[in-house]
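In our numbering, the protein residues as written are 100 to 532.
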């Protein structure tokens, strides 16, 4: 939860493969000219050529940061995330929690995986020329088509628009990999071609969602999700791709912020509607306060450690990157859970107080334990610091049984978690001095 004294906060010299990254080529001593080229960002002025070779960028570039296009991409993606969250609320509030969670898990994976693929590719190859921008905007169009089909997928099990939106995104990504292959040679070119082929082959597999009976679709999802995650492993045989540790950790952090912001927005609208339509301020105030504390703590805990310092090896990168499916999915589900708790408090949801409370506490606990597993635990000093987040996750689950005060209790647990982490870290720092 907190960074220990002397914790590494800069990447080591080794290459860092990622889910869809790309390498600048074989490593070796860099010449002064190479260093200068690596430090320079891609040309983006009006005088620059509109089309430039799509070449791998250096993983040692200084001051590498997310671009306005990447931020625009994230904001458009969160539109689809919001649609999935809204449908999850409706399903849970109507007493169909199992079906709703399953549909949410399936659709959120498609969104998450598309975002991951774009982000790692961009970290390695973004040259910001006109064609790169146009293809990225095409991916944005794809996610908006996807978002338009979320309601039908949830309510009518009609995945046509979802499949079409995903198809647009995958064709765009494959074209980027083919363009990268055109300017690469040897093993790097073979890796790019394997990525392009793997993405398209998986898309063919997803077509089964349109034809298989409803009972078989979850099994198809499981098979295809595994297949999608195997593409990077197979594509990188014989050639390890690389990406920029600072840039990719920033990309994940920014998307986490945007998802948490959407969580706050959705919960705020739900509380506002409940107060205006039902005059239920007394019932909703504990939910609003607890929900806000939970989201604040989620932000604090995520950003308290410099995770880019651990992103060295292939194994670390894959586990960390893939694991964010749970972090981001649970972060978005917290907002949906708060909405469910609000609807139950004003008598508009067909479920018990216990179930409505669990809609908030379960994703919160999942967020905490996954965050600890992926990176927080590597920056802890001593057993006390190590136990903070696991104990907080258990206490959050226990708060489910606090009746109408459950969300507030969970929020107080989250606040105590942050305070405890800060206190333990301060004590460790004083001892080190």
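Idealized CB from N, CA, C, for every residue including glycine.
Closest Cα partner of residue i within the set the options
| i | options | result |
| --- | --- | --- |
| residue 263 | 298, 453, 309 and 293 | 309 |
| residue 258 | 287, 285, 320 and 295 | 320 |
| residue 467 | 490, 295, 216 and 371 | 490 |
| residue 288 | 207, 306, 153 and 312 | 153 |
| residue 473 | 480, 522, 479 and 418 | 418 |
| residue 265 | 255, 241 and 191 | 241 |
| residue 303 | 324, 291 and 312 | 324 |
| residue 349 | 480, 511, 221 and 523 | 221 |
| residue 454 | 436, 327 and 278 | 436 |
| residue 332 | 229, 416, 278 and 281 | 416 |
| residue 151 | 346, 235, 182 and 282 | 282 |
| residue 581 | 424, 205, 383 and 343 | A query on residue 581 cannot be resolved here, the shown segment of the chain reaching from 100 to 532 and no further. |
| residue 268 | 209, 446, 290 and 347 | 209 |
Rounded distance between the beta-carbons of residue j and residue i, thought under 8 Å
| i | j | result |
| --- | --- | --- |
| residue 431 | residue 233 | No, residue 431 and residue 233 are not in contact; Cβ-Cβ is about 29 Å, not under 8 Å. |
| residue 440 | residue 506 | 5 Å |
| residue 501 | residue 393 | No, residue 501 and residue 393 are not in contact; Cβ-Cβ is about 14 Å, not under 8 Å. |
| residue 385 | residue 504 | 6 Å |
| residue 438 | residue 177 | Not confirmed; about 16 Å, so no contact. |
| residue 334 | residue 294 | 5 Å |
| residue 460 | residue 496 | 6 Å |
Alpha carbon of residue i to alpha carbon of residue j, nearest angstrom
| i | j | result |
| --- | --- | --- |
| residue 373 | residue 379 | 7 Å |
| residue 166 | residue 498 | 41 Å |
| residue 239 | residue 211 | 13 Å |
| residue 41 | residue 260 | Since the displayed the chain opens at 100 and closes at 532, residue 41 lies outside it and no answer follows. |
| residue 493 | residue 381 | 28 Å |
| residue 367 | residue 387 | 8 Å |
| residue 144 | residue 227 | Low confidence applies to residue 144: its pLDDT is 49, below 50, so where it sits in the model is not reliable, and the reading given next is rough at best. Looking at the two C-alpha atoms, the distance is approximately 10 Å. |
| residue 275 | residue 149 | 16 Å |
| residue 169 | residue 243 | 16 Å |
| residue 526 | residue 401 | 21 Å |
| residue 515 | residue 337 | 48 Å |
| residue 190 | residue 470 | 27 Å |
| residue 442 | residue 173 | 29 Å |
| residue 448 | residue 251 | 21 Å |
| residue 217 | residue 429 | 21 Å |
| residue 512 | residue 246 | 34 Å |
| residue 327 | residue 426 | 19 Å |
| residue 458 | residue 184 | 12 Å |
| residue 286 | residue 278 | 15 Å |
| residue 186 | residue 200 | 10 Å |
| residue 280 | residue 224 | 11 Å |
| residue 520 | residue 480 | 11 Å |
| residue 182 | residue 483 | 40 Å |
| residue 155 | residue 389 | 46 Å |
Delimiting residues of the alpha helix (DSSP H) encompassing residue i
| i | result |
| --- | --- |
| residue 290 | 285–305 |
| residue 481 | 481–497 |
| residue 381 | 380–402 |
| residue 176 | 167–192 |
| residue 345 | 344–377 |
| residue 316 | 316–334 |
| residue 464 | 452–473 |
Closer than 8 Å: residue i CB and nearest the ligand HEM heavy atom
| i | result |
| --- | --- |
| residue 216 | For the structure depicted, the ligand HEM is absent and the ligand set is empty, with no information on it obtainable. |
* Hey, which unbroken runs of the beta strand (DSSP E) at 3 residues or more fall wholly within the segment 196–258? -> Counting whole runs of 3 or more residues, the segment 196–258 contains no beta strand (DSSP E) stretch at all.
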